[in-house]
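Numbering (UniProt numbering), first residue to last: 1 to 458.
What follows is a single structure, written as C-alpha cells, with notes after it.
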C-alpha cells in the first residue's frame, strides 16, 4: 500500500480509519453529502494531482488535490474520483476510482502502490479501474446517463479540470470528449468546499494537534532566538521542532522576518542577520495528518520589548482580542464584518497613541491585509467560499490583525520600521470559540518569559 494502513503502520492509524484520525464512516458520509447535492443523471469528477518535478528525475514531495483527498483519503498521484448519480443504477449511484495499477518495476523505484485490489480493500465501496482506462469508461458512462435522462440530453458533468493540462493525459482527454459530446461542464469545487467549510469533531482534533505542535515550536524558537544569528537559524529550528514533535511538513513556506523585513507581508527569503534590538515576526505552522496550523507571533530578538515596540504590540493585541470575542455564531457576523471592525479599532488605538493616521493610510499602508481566512486541509482553505458568509458553528478561521510602519515621515519616527502581526486559529462555536493556538505565548509578559527561558536554566 502506498500510504499508512493499520496493518503496516499501527502507530499512525487505527483500525477503521482510512487516513490517520479520519474513519471510513466519515469519508462515506462526505461522499453521501456530495451525492445529495448532485442532480439526478449527473456525473462528478475530481482529478487527483500529478507528481511534479524540480528537475529531471528529481521530484517534489507529493501533495494531493485537497478536494480529492477530502472525498477519498487516497494519497497517491495520478488518480481520478468518479461519482455517477442516476435512478437507473441499482443503488442510485456508483463510485469509481481510477488509479495506477501495481507494477513491480515502478514500485521498485517509487515504493508500493495500492493498486486496484488495495483500493477495494481499504478505501471503500468503489469500482476500481486502471487510470489509463479512464477515457473509454468516461465515454460509456456519459452515454448511459444521456440514455437515462428523460429529455435525452447530455448529462451535466461537475468537475474542475487541472489548470495545467498535459496533452493526452486523462484530464485532457476528458476536456476533448466533453466538447465532442456537447457536455456542459459545471464547477464542482464550490459544492465540495461547502462541505469542507464545516469541520467534524475528528477534524478539529487533528487541527488541535497541529496547533499544539506549532506551539511547542514557537516556544523553542522564542527561547533560542537570542542565540540565533540569522533568520535562517530560526526557520530551521522551527521546522525541526515541528517535525520532531509529530508534524509532517510546514503547512506553507514560513515568514521569518527580522526588523524591517516584517514590513513585507510575505517575506520568505529568511536569510538576514538578526539584531538584538529588533522584533522578529514568525508566520508559520505545521501540517498534521493533512490539516494545517497557521499562527503568527512577533517578539523581541533580545527578549525584551522596547517602549515603542510594546505600545504598538499592545495596540494590535487589544484589536485582536476584541475581534476574537466576535467569533461566534451568536454574534451573527462574517469575516468581512469583523475585518472592518478591526480597521476601526486599530484607528482608535493609533489615535490614542497620538497618531493622525487617515483611513486611507490604515487601509493601504499600515494594515493592508484582511483580518483572516478559513483554515483546514489548506492554509487558505475553501477559497470559493465568500468571507461575507456569517460565521457558523464548526467553521475554522484565523484572526490576524497587524501593523506595518514604513520609514515615512507621515508616521511617528519611533515606530518606523516596526512590523507586527498576531494570528490565532479559532473553531467557531455557537456562543464561544475554541482557540486552537492558545498554547502559543501571546501576552507581553508571557513572550518575555518564553524568550528568557533558556537563560534562566543556565
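Don't be surprised by glycine CBs; every beta carbon is placed ideally from N, CA and C.
Using the three-state DSSP reduction, which class does residue 104 fall into: helix, strand or coil?
The answer is helix: DSSP assigns residue 104 an H, G or I state.
Given this structure, state the Cα-to-Cα distance separating residue 498 from residue 265, to the nearest angstrom.
For residue 498 there is no data in the structure shown, the boundaries of the chain being 1 and 458.
Residue 28 by DSSP, collapsed to three states: which one?
Here DSSP, grouped into helix, strand and coil, assigns residue 28 to helix.
Status (buried if at least 16 other CB within 10 Å, exposed otherwise) for residue 442
buried
Sequence-distant residues of the same chain with beta carbon closer than 8 Å to residue 172, five excluded per side
165 and 166.
When the Cα atoms are used, what is the spatial distance from residue 363 to residue 65?
34 Å
Let's test the definition: count the other Cβ atoms within 10 Å of the Cβ of residue 52 and tell me whether it reaches 16, buried, or not, exposed.
exposed
State the DSSP-derived secondary structure class of residue 60, mapped to helix, strand or coil.
coil
Rounding to the nearest angstrom, what Cα-Cα distance links residue 27 and residue 174 in this structure?
26 Å
On the three-pair Cβ rule with 8 Å, is the region 290 to 304 touching the region 369 to 381?
yes
Of the listed residues 99, 106 and 308, nearest to residue 117 (C-alpha basis):
99
DSSP three-state label for residue 199, please.
Here residue 199 carries a coil assignment [DSSP, helix/strand/coil].
Own chain residues within Cβ distance below 6 Å of residue 350, not counting five before or after:
357
Cutoff 8 Å; reference residue 347; Cβ partners in own chain excluding five residues on either side
357, 359 and 362
My output table needs one value for residue 144: the three-state DSSP class, helix, strand or coil.
In this structure, residue 144 counts as helix in the three-state DSSP scheme.
In the structure shown, what three-state DSSP assignment does residue 134 receive?
DSSP, reduced to helix, strand and coil, places residue 134 within a helical segment of the structure shown.
Find out if the Cβ-Cβ distance for the pair residue 122, residue 46 is shorter than 9 Å.
Not a contact, by the Cβ cut-off of 9 Å.
Report the partner residues of residue 68 according to the DSSP bridge assignment.
As DSSP reads the structure, residue 68 sits in no beta bridge.
Taking all protein chains shown into account, decide if residue 298 is buried (16 or more other Cβ within 10 angstroms of its Cβ) or exposed.
For residue 298, the number of other beta carbons within 10 angstroms of its own is at least 16, and it is reported as buried.
Measure the C-alpha to C-alpha separation of residue 411 and residue 365 and round it to an integer number of angstroms.
Their backbone Cα atoms lie some 11 Å apart in a straight line.
Close Cβ partners of residue 335 (< 6 Å) along its chain, the five nearest in sequence each way excluded
372 and 387
Candidates 132, 327, 367 and 268: which alpha carbon is nearest residue 316's?
367
With distances taken from CA atoms, which of 231, 233, 11 and 314 is nearest residue 446?
314
Give me whichever residues DSSP pairs with residue 44 in a beta bridge.
83 and 158
Proximity test, Cβ basis, 9 Å: residue 432 and chain C:
Judged by its chain identifiers, the structure shown contains no chain C, having just a single protein chain.
Measuring only the C-alpha atoms, how far is residue 61 from residue 49?
Distance between the alpha carbons of residue 61 and residue 49: 12 Å.
Cross-strand partners of residue 75 (DSSP beta bridge)
Answer by DSSP bridge pairing: none, since residue 75 is not bridged.
Would you call the region 391 to 410 and the region 421 to 432 touching, i.e. three or more CB-CB distances under 8 Å?
yes
Quick one: complete alpha helix (DSSP H) runs, 4+ long, within the region 294 to 359?
307 to 324 and 335 to 352
Kindly indicate which three-state DSSP category residue 98 falls into: helix, strand or coil?
Three-state DSSP puts residue 98 in a strand.
Cβ-Cβ distance between residue 114 and residue 74 below 9 Å:
yes
With a threshold of 7 Å on Cβ separation, who are the neighbours of residue 9 within its own chain once the five nearest residues in sequence on each side are excluded?
none
If I measure Cβ to Cβ from residue 278 and keep anything under 6 Å in the same chain, skipping five residues before and after, which residues do I get?
258, 259 and 301
Inter-stretch contact at 8 Å, needing at least 3 Cβ pairs: the region 30 to 47 / the region 182 to 198:
yes
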